[in-house]
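In the numbering used here, the protein residues as written are 2 to 199.
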């Protein structure tokens with residue numbers, strides 16, 4: 002396992018994001034940084050959210066408390082926290098996100114506002130998977146940082162996150178935009194979601 006604090010080490014982070022170029026090609030650094038963060042943020046918030054829902058006591062999201070399982074292509078497969086949080090989750094998660102996002106911005110030039118929106122969607126998705134969506138809005142509000150409010154909608158009776166963020170993977174590959182990508186006309190997005198969840 003790898004110490005999560007290494008995310009704030011520019012050389013280490015540059016290497017991990019550079020590995021993503023093998024998977025996504027020669028995309029600009031800010032695109033690779035955004036794609037990497039889209040995956041990483043979901044894994045980083047998982048230990049605290051899963052423990053909060055299961056036990057009511059979140060694990061500490063601070064980077065010094067976390068260890069990571071890193072794949073060969075630079076993605077984070079799993080994160081673990083070594084301790085229960087002593088304090089409120091919102092401010093603790095704000096500190097962890099600020100450190101991680103600041104590092105990604107410094108190394109890649111990715112836009113901080115976009116990375117904060119990705120963090121909102123990661124939190125919203127994780128809580129959706131655990132049927133705990135009522136926690137999303139209050140948690141993101143307590144985090145602050147100008148993060149957008151998490152939103153949900155139902156498509157053919159299935160709840161989904163109404164995303165505020167774009168992973169930019171379509172700029173790094175020949176793949177089309179994701180089904181729920183906000184960078185498409187709302188009617189097109191809804192039609193694609195309905196077709197997929199019909």
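Positions of the beta carbon are idealized from the N, C-alpha and C atoms, including for glycine.
For residue 33, the enclosing alpha helix (DSSP H) starts and ends at 30–56. If the five residues before and after residue 194 are omitted, its C-beta is found closer than 6 Å to the C-beta atoms of 156, 180, all from its own chain and listed in chain order. For residue 120, the uninterrupted alpha helix (DSSP H) run begins and ends at 113–130, by DSSP. Distance from residue 66 to residue 44 at the Cβ level is roughly 15 Å; contact not present, criterion being Cβ atoms closer than 8 Å. Excluding its 5 nearest sequence neighbours in each direction, residue 164 has C-beta neighbours in its own chain below 6 Å: 122, 181, 183, listed in chain order.
With contacts defined by Cβ atoms closer than 8 Å, residue 105 and residue 14 form a contacting pair.
Within the model, the alpha-carbon separation for residue 199 versus residue 12 is close to 46 Å. In this structure, 98 is the residue among 173, 7, 98 with its C-alpha nearest to the C-alpha of residue 148. Going by beta carbons, residue 18 and residue 33 fall inside the 8 Å limit. Cβ neighbours of residue 53 within its own chain (closer than 6 Å, five residues either side excluded): 59. Comparing C-alpha distances from residue 109 to each of 10, 139, 161, 128 shows the shortest one belongs to 10. Boundaries of the alpha helix (DSSP H) harbouring residue 191: 187–197, taken from the DSSP string. Note that the stretch 127–135 does not touch the stretch 169–180; fewer than 3 beta-carbon pairs, one per stretch, sit closer than 8 Å. Apart from the 5 residues on each side of it in sequence, residue 63 sits with its Cβ closer than 7 Å to the Cβ of 93, 96, 97 in its chain, given in chain order.
Per the coordinates, the alpha-carbon of residue 36 lies some 18 Å from the alpha-carbon of residue 185. Distances from the CA of residue 28 to each of 111, 160, 4 were compared; the closest alpha carbon is that of 111. A residue is called buried when at least 16 other Cβ atoms come within 10 angstroms of its Cβ; residue 137 meets this threshold and is buried.
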